[in-house]
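Everything on this sheet refers to the single structure shown next.
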Amino acid sequence: PQVSPHPPQMATGGESIYRTIMNRLTALEGNTTLYARYVEEQTTGVREVLRRLGEDVGRLEGI
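Below, the structure written as structure tokens:
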């Protein structure tokens, strides 16, 4: 009988696991990028609201 160093089932399973891990890593990278963009946009929005609030408070103090 011929003995192969890596049975075909093992190689296919290994490739499948590798592909699954790579797909999950790619998805995580995409999610991280989207999350960072979301946080950046929210931070910009909060800064704008605080700036306007400061202007309004300044106007009220002048009354």
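Under my numbering, read the sequence shown as residues 241 to 303, first letter to last. Quick reminder that beta carbons are idealized off the backbone N, C-alpha and C, glycines included.
Rounded to whole angstroms, the gap between the alpha carbons of residue 301 and residue 274 is 40 angstroms.
Put simply, the backbone Cα of residue 290 is about 21 angstroms away from that of residue 276.
The C-alpha of residue 265 is placed about 10 angstroms away from the C-alpha of residue 258. Rounded to whole angstroms, residue 297 and residue 263 show a C-alpha spacing of 51 angstroms.
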